[in-house]
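Going line by line, the protein sequences match chains A and B. Heads up: the first sequence at position 424 corresponds to 424 in this note's numbering, and the numbers run straight through without jumps. Take any residue in the second sequence, count from 1 to its spot, add 1000: that is its number in this note's numbering.
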Amino acid sequence: MDDGVQTQIERQRMDADIVCVGFGPATAGFLATLSKQLVNADGTPAIESAVMPGLPPQVLCYERSDDIGFGVSGVVTKARALRATFPDLDQAQIPMATPVGEEKVLYLLDPHGASRRSAALRLADAFIRAFQWMLPFEQHGLKLPWTPPFLHKHGGMVLSLGQFMQWAGAQVQATGTVQIWPGTPVAKILIEDANPNMAQASSPASSAGVSPGVSIGSGALPQPAAGTDCATLTSRSKVVGVRLLDQGVDKKGNPLEGFTPGMDIRAALTVVGDGPIGPIGQQLEAHFDMPHDHHKRDWAVGMKFVVDLPENTALKPGTVLHTFGYPEPEIFGFLYVHPERVASLGIFVPSWFDSPVRTAYRYLQHWMLHPYLWRYLQGGKLRSWGAKTLGESGRRGEPHLVGDGYARIGEGSGSTNVLTGSGVDEAWATGTQLAEAVLELLKVKKSFTKENLEATYVKRRRASWVEREARVAEKSRDGFQQGVVRGLMGMALAGLTKGKLTLGGEPVQPWKRIPSPEEYYRGKIPVAEIQKLRKECTIKGVSLHGVLMDRLGWPAIPFDGQLLVSHQDALLMGGKVQAPPGYADHVVFLYPELCQKCGTKICIEACSGQAIAPGENGVPNFDREKCVHCGACLWNCSQPLPYDSERGNIAFRAGTGGLHSAEN
Amino acid sequence: MNTVYQIVVCAGIVPDPLQTLEPVASPSGPALKNEMMLPAVLDPWASHSLYEAANLAKHLPGSKVWLVSLGPKAKLQQVMMTVAQKVPFELVALDGPGGGFTEAAEVAAMLAEAIQAIPGLDKSKLLVFGGWESASRGAGATMQMVGERLGIMDQFQGVDELKIAADGSLEILERIEGGKHQISKCAGLPALLGWATGNLPEPKNNPQIGMVNMRTVMPALQKAKPVKFAGDGLSFVNVALPKQLRETRIVKDKSPDDVAKEIIEWIKK
């Protein structure tokens, strides 16, 4: 359904005081702090609602996944912000939580000779193998004898984010002052312009006919009208709430029987914590643009298993292993041990890994099968599986944190610390900072203007450890743009000099880095053979990476039906992936002609759920029933929009379903 | 017809059937491994009865739906955040075990007691709904015993459809053996219906319904009565899941006949 039709639909409206988008760690921190101070001990409102006089403020939170805690992330965190919110925190109350114990960083060598290693790394590998007798080396893995303090998580916790979010949600809702509604995606941000003509000027395809002066952010990223100075026109745009997703529609959003238009939720403050690839965050950035010199170009997809370790496991709860070097030098791995023989383990595939066949699933299996790790994992059993995007631009990816009527918190607001590899603690902290600011403003009856939010929330954030550490980390990973070795050196340099010295330059957009398979495999696989393999895969409707990895000597995965399972079984047994009927596709290929001319089709290769497959006329097919909502297609797309080189040809919109496991 | 009904729906919560469930022995008898970590859902059988109840109440102005639910309070709270957006109801919460390893008679006694305690309940307007079966263990006896304790003689199990005639009598479509339905007629209330699947789809989420429901859900949870079961006379000889062999392939371009043929061939192997 096009936006013109959509805007003619009569929609119900509901008013609240504060509406939150997404229930992740940041929103949990926000609500945990806010909810405790809305009501007095005797049950009377400490602060009065503007929309329901006599009651405490009406605070609503909408979460797109089927239940709270259905996201994905294995977490090791210092938990500083969490402990500040819950000073008497008893870890035993959070399932799968345990104190951090032994921490190791491992360099994994390639036992198969199939990975692509630079000359420097090959030299290093040869040196390690030659002198292994005098090094902490075993099972093709070298334990780094020293790691810089900024990487340590001593005193912290190993968590299952799914379980933690369920616990946090229960704490918040038990106060009875806020409501968290899962299974309810937010489709659009509602923006009211001071200049009623501005809506049409700034977003011609999405604004007509809503109500005077109100525009809706569009997931289709419409091209601004030629000659329009958006920055000037939108300078006093005001966010007035959100629109929920339409229900009872077909793949394209056209109404079917039982059509239920998404309701407009109006609120004085919209809190946006929808993560790194959230549609509302994207719409705000499209409407208000990013601050000067800020951009989101560094990404990674994290994919993980939750595993029942074998009964005789030697791994103790709290063990934290981080790896690099294998299955490709650019791919990092982690293994965190929870209580009762359960482990979270997985890999991160970064945007600066230049391979056009960057399949996380197959690489994850090879990583698990590395001799250093397989000795711990053999005999284990898959409990859960999932994938998510990590926004790795850090402070450089910070959007406008506030504006009239809205504030941004968490990973989508650039809070993740890319040097220490920490995101949950920082996200939670930004949520608590906003809550304190909101309480301050509510108590003195000040409105949620940009200036007031800057004087309270942004001021707190800038004065906090989150900001201080983010500045140290800001350019710490730039070296990875020129290779792994330079990247690791750059991280160490930045960490040890508190960010004063860094290596590398400005990151480039991911699409600029992505070669075609023919270029990437030049000298290894003949062009004609790649083209033949591509044709065969297209006919079969499958991605290309499997056959290319086989061709390069990667061994076949010995499926055991327990831990080493097919990708589809990982979706079903692990992620329990769901797609409720009656919703539109949330992954949309905007301009088919760009897909048709695309040589890499990296969206197919990178898809974490095999939800994107070769389609007719060169435009990929999207199967909503397999999508885990990791969002990797959004930033992996190799075809930039003609009018915005920071965005690709794939729109990642609001959608339901996805992962259906709370153990991640 | 201007009948006003008081519809009480008994609906427990069960671990989300999509999760991997593993029975384990605990000091108090069988349990599910990591049960408190698993997400829960409203029992699917009882969910159908809730949707039917809400649909009935919607068409009979003045009628009201209560949802009586027994389960661990924290899990009830979680489940209500999904259910409360679907249809209007007033929650009556009982804080107790929800794993399916409880004695049906004890559960029925608790539910009946909670129903009797609902203020202003008028038996001449009372319809008690619930699931014919349960996704947690499926004793299929709980609703019948609830009815007996409430003194409701007119009971129907495996219900797929309820029609109300102009004179207030009920026409009920019940499942019977052989894949057939039996049509029963009932002169009036009170009556108890254990629903099979009914005919209604799961309602869409409606934030306004959620807002209204939450005014009663949170207070009901806060004053949820803790219940404990003696478990006398109940013993489990063995608890196990059927063994499974998986070989998953997702296909979308085959006819149901072809899929069935392939499955039969696979089973034969």
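Cβ coordinates follow ideal geometry from the N, Cα and C atoms, glycine included.
message: Our contact map puts residue 386 (chain A) next to residue 659 (chain A) with C-beta atoms below 8 angstroms; I'd like the distance itself, whole angstroms only.
response: 5 angstroms
field: Runs of beta strand (DSSP E) wholly within the segment 618–652 of chain A (minimum 3 residues, chain order)
entry: 644–648, 650–652
field: Sub-8 angstroms separation of residue 1092 (chain B) and residue 1042 (chain B) beta-carbons
entry: no
field: Opposing strand residues paired with residue 255 (chain A) [DSSP bridges]
entry: A:249
message: Quick check on residue 1067 (chain B) - is its C-beta less than 8 angstroms from some C-beta in chain A?
response: no
Length-filtered (3 minimum) beta strand (DSSP E) runs lying within the segment 564–622 of chain A: 587–589
query: With DSSP run on the structure shown, which of helix, strand or coil describes residue 1090 (chain B)?
result: strand
- request: For residue 165 (chain A), count neighbouring C-beta atoms within 10 Å of its own C-beta (all shown protein chains included) and say buried if the count is 16 or more, exposed if not.
  value: buried
field: For residue 1029 (chain B), the nearest candidate out of B:1008, B:1234, B:1265, B:1259 (CA to CA)
entry: B:1234
- prompt: If you measure from the beta carbon of residue 368 (chain A) to each beta carbon in chain B, is any gap under 8 angstroms?
  reply: no
query: Which same chain residues, not among the five before or five after residue 1085 (chain B), have their C-beta less than 7 angstroms away from its C-beta?
result: 1205, 1206, 1207, 1209, 1210
- prompt: Any idea what DSSP makes of residue 1182 (chain B), helix, strand or coil?
  reply: Residue 1182 (chain B) falls in the strand class under three-state DSSP.
- prompt: What does residue 347 (chain A) touch in chain B if you count any residue whose Cβ is under 7 angstroms from its own?
  reply: Those within 7 angstroms of residue 347 (chain A) in chain B number zero; the least Cβ separation is about 23 angstroms.
message: When you compare the segment 517–534 of chain A with the segment 586–595 of chain A, are there three or more beta-carbon pairs, one atom per stretch, that lie closer than 8 angstroms?
response: no
field: Contacts that residue 1074 (chain B) makes with chain A (C-beta to C-beta distance below 7 angstroms)
entry: 170
query: When you compare only the Cα positions, how much space is there between residue 479 (chain A) and residue 1071 (chain B)?
result: 54 angstroms
field: Contacts around residue 1073 (chain B), its chain only, beta-carbon distance under 8 angstroms, and the 5 residues preceding and following it disregarded
entry: If we look at residue 1073 (chain B) and ignore the five residues flanking it on each side, its Cβ neighbours are 1093, 1095, 1221, 1224.
- prompt: Using the beta-carbon of each residue, which ones in chain A are nearer than 8 angstroms to residue 1210 (chain B)?
  reply: Per Cβ cutoff of 8 angstroms: 179, 181.
Boundaries (first-last residue) of the beta strand (DSSP E) holding residue 103 (chain A): 103–108
query: Straight-line CA distance for residue 1014 (chain B) to residue 54 (chain A)?
result: 38 angstroms
- request: Taking 8 angstroms as the threshold, find out whether the segment 542–550 of chain A comes into contact with the segment 339–359 of chain A through three or more Cβ pairs.
  value: Yes, since at least three Cβ pairs between the segment 542–550 of chain A and the segment 339–359 of chain A fall closer than 8 angstroms, the two stretches touch.
- prompt: For residue 624 (chain A), is the classification buried or exposed, using 16 other Cβ atoms within 10 angstroms of its Cβ as the cut-off for buried?
  reply: Residue 624 (chain A) counts as buried, since no fewer than 16 other beta carbons sit within 10 angstroms of its beta carbon.
message: What are the residues in the segment 1015–1042 of chain B lying within 8 angstroms of chain A by C-beta distance?
response: 1016, 1018, 1019, 1020, 1034, 1036, 1037, 1038, 1039
query: Run through DSSP, which three-state label would residue 16 (chain A) get?
result: Note: residue 16 (chain A) maps to strand in three-state DSSP.
- request: Could you tell me which uninterrupted alpha helix (DSSP H) segments, each at least 4 residues in length, are contained entirely in the segment 250–314 of chain A, listed from first to last along the chain?
  value: Runs found: 279–288.
field: Exposure of residue 419 (chain A), with buried meaning 16 or more beta-carbon neighbours within 10 Å
entry: buried
Reduced DSSP secondary structure (H/G/I, E/B, other) of residue 1048 (chain B): helix
field: residue 383 (chain A), buried or exposed, once every other Cβ within 10 Å from all chains shown has been counted against 16
entry: Burial is judged here by how many other beta carbons sit within 10 angstroms of a residue's own beta carbon; residue 383 (chain A) has at least 16 and is buried.
- request: Would you mind working out which of A:66, A:79, A:416, A:78 sits nearest residue 1079 (chain B), comparing C-alpha positions?
  value: Of the candidates A:66, A:79, A:416, A:78, the one whose C-alpha sits nearest the C-alpha of residue 1079 (chain B) is A:66.
query: Roughly how far, in whole angstroms, is the beta-carbon of residue 603 (chain A) from the beta-carbon of residue 650 (chain A), given that I think they are within contact range, below 8 angstroms?
result: Approximately 6 angstroms separates the beta-carbon atoms of residue 603 (chain A) and residue 650 (chain A); this is inside 8 angstroms, confirming the contact.
field: is_contact[residue 294 (chain A), chain B] using C-beta, thresh 8 angstroms
entry: no
field: Proximity test, Cβ basis, 8 angstroms: residue 95 (chain A) and chain B
entry: yes
Distance CB(residue 601 (chain A))-CB(residue 661 (chain A)) smaller than 8 angstroms: no
Paired residues, beta bridge with residue 673 (chain A) - DSSP: What the structure shows of chain A is the stretch from 1 to 664, and residue 673 (chain A) is not part of that stretch, so it cannot be assessed.
field: Outcome for residue 1182 (chain B) when other beta-carbon atoms lying within 10 angstroms are tallied against a minimum of 16
entry: exposed
field: Where residue 44 (chain A) meets chain B, residues with beta-carbon distance less than 7 angstroms
entry: The contacting residues do not exist; residue 44 (chain A) stays about 15 angstroms from chain B at best.
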